[in-house]
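Chemist: Structure in structure tokens, see below.
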């Protein structure tokens, strides 16, 4: 076969599919809009708790108070992580990723 015939027989490269941004539902858009404020609030809570825990007098309290505060910090940190992951997920959906 001639090189011209080979060129004609070769399949054309497939066009790369473009990722199109998806319009979020009203509910998801409202959730996305509210998440930055929620994340900021949670970050503030974490900072406040970390400052309280960082105080040298903190560990001179009763063990139950110390444990409760440490558990509260862990709970807020987990909520912050969940909120950040959800925000990234919704942003990716909105951007078509």
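In the numbering used here, the protein residues as written are 396 to 492.
Quick reminder that beta carbons are idealized off the backbone N, C-alpha and C, glycines included.
For residue 474 and residue 457, what's the separation of their Cα atoms in angstroms?
Modeler: Stepping through the chain shown from its first residue, residue 474 is reached at position 79. Stepping through the chain shown from its first residue, residue 457 is reached at position 62. Going from the Cα of residue 474 to the Cα of residue 457 covers about 26 Å.
Chemist: Would you check if the segment 421 to 435 and the segment 463 to 480 touch, i.e. whether three or more CB-CB distances between them fall below 8 Å?
Modeler: Flag = yes, the segment 463 to 480 and the segment 421 to 435 touch.
Chemist: Compare the C-alpha of residue 437 against each of 479, 424, 421 and name the closest.
Modeler: Counted from its first residue, the chain shown places residue 437 at position 42. The shortest C-alpha separation from residue 437 is found at 479.
Chemist: To which residues of the same chain is residue 488 closer than 8 Å at the C-beta, ignoring the five residues directly before and after it?
Modeler: Here the question's residue 488 lines up with position 93 in the chain shown. So the list reads 417, 419, 423, once near-sequence residues are dropped.
Chemist: Tell me which same chain residues have a C-beta within less than 8 Å of the C-beta of residue 427, skipping the five on either side of it?
Modeler: Taking the chain shown and counting its residues from 1, one reaches residue 427 at position 32. Once the five neighbours on either side are set aside, the close Cβ partners of residue 427 are 419, 482, 485, 486, 489.
Chemist: In whole angstroms, what is the alpha-carbon distance linking residue 459 and residue 466?
Modeler: Counting from one through the chain shown, the residue named residue 459 turns up at place 64. Counting from one through the chain shown, the residue named residue 466 turns up at place 71. Between residue 459 and residue 466, the C-alpha separation is close to 10 Å.
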